[in-house]
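Peer 1:
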Amino acid sequence: MSLREYLKELKIDQIKDDTEFCDKEYNAIMDYCTERKFLITDDDLACIVDRGMNDSYEYRRAQYIKDLWLDFGNVPMNPNTECIEEEWNGFAAGWHRTSICDWFEESYGVSVVKDLMGL
């Protein structure tokens with residue numbers, strides 16, 4: 001389901017009270033993005049931009065990615081093989097650390113070293 005369809009299903013645009021509309025629109029968009037791990041389509045992003053929510057989206061997306069990276073840092077890893085020892089975020093135990101770092105970079109368009117590790 002696209003973001004436009006999701007908002008239509010929730011009847012967000014039918015809310016008359018401005019304060020209620022703003023709160024529910026924001027929460028619905030952020031819930032939608034979080035459920036999809038901020039891996040959304042270009043059409044979904046266009047919907048966010050059309051609604052004037054791009055700054056909020058970019059802020060929350062950046063925070064989500066940083067939190068996900070910190071969570072990855074807590075996953076037990078075999079120091080000899082550099083493979084994770086338990087399932088994490090859809091990756092089965094046994095995945096190599098660099099493969100997961102590559103996934104971060106490819107999925108989120110970030111540099112693990114520069115953006116997430118701060119090096």
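Going letter by letter, the sequence shown gives residues 1 to 119 in the numbering used here.
Ideal Cβ positions, reconstructed from N, Cα and C, are used throughout, including at glycine.
1) According to DSSP, is I48 helix, strand or coil?
2) What are the uninterrupted segments assigned as beta strand (DSSP E) that are 3 or more residues long and contained completely in the stretch 22-97, given in chain order?
3) Suppose the cutoff is 6 Å on Cβ atoms and the five residues either side in sequence are ignored; what does the same chain contact list for R60 look like?
4) Give a yes or no on whether the C-beta atoms belonging to F21 and W69 are separated by under 8 Å.
5) Specify, as a first and last residue, the run of the alpha helix (DSSP H) that K8 falls within.
6) Spatial neighbours of C101 within its chain, please: CB distance less than 7 Å, with the 5 preceding and 5 following residues excluded, ordered by chain position.
7) Of the choices I15, M53, E106, E5, whose alpha-carbon is the least far from that of I65?
8) Helix, strand or coil: which one does DSSP assign to K16?
9) Determine, using beta carbons only, whether C33 and R4 come nearer to each other than 8 Å.
10) Taking C-alpha atoms, which residue in W95, K24, E58 lies nearest to Y108?
11) For the candidate residues N80, T19, L116, T41, whose alpha-carbon lies nearest to that of F72?
Peer 2: According to the structure shown:
1) Residue numbering aside, residue 48 sits at position 48 when the sequence shown is read from its first letter. In the structure shown, I48 sits in a helix (DSSP, three-state: H, G or I).
2) Counting whole runs of 3 or more residues, the stretch 22-97 contains no beta strand (DSSP E) stretch at all.
3) Locating residue 60 in the sequence shown gives position 60, counting from the first residue. Once the five neighbours on either side are set aside, the close Cβ partners of R60 are M30.
4) Here residue 21 corresponds to residue number 21 of the sequence shown, with the count starting at 1. Here residue 69 corresponds to residue number 69 of the sequence shown, with the count starting at 1. No.
5) Residue 8 sits at position 8 when you count from the first residue of the sequence shown. That run of the alpha helix (DSSP H) goes 3-9.
6) If you number the sequence shown from 1, residue 101 lands on position 101. These residues qualify, in order along the chain: V112.
7) On the sequence shown, residue 65 is found 65 positions in, with the first residue counted as 1. For I65, the closest C-alpha among the options I15, M53, E106, E5 is that of E106.
8) By one-based count along the sequence shown, residue 16 stands at place 16. Three-state DSSP puts K16 in coil, outside helix and strand.
9) Position 33 of the sequence shown, counted from the first residue, corresponds to residue 33. Position 4 of the sequence shown, counted from the first residue, corresponds to residue 4. At a Cβ-Cβ threshold of 8 Å, C33 and R4 do not count as neighbours.
10) By one-based count along the sequence shown, residue 108 stands at place 108. Looking at the Cα atoms, E58 is the closest of the given residues.
11) Position 72 of the sequence shown, counted from the first residue, corresponds to residue 72. When each option's Cα is compared against that of F72, the closest is L116.
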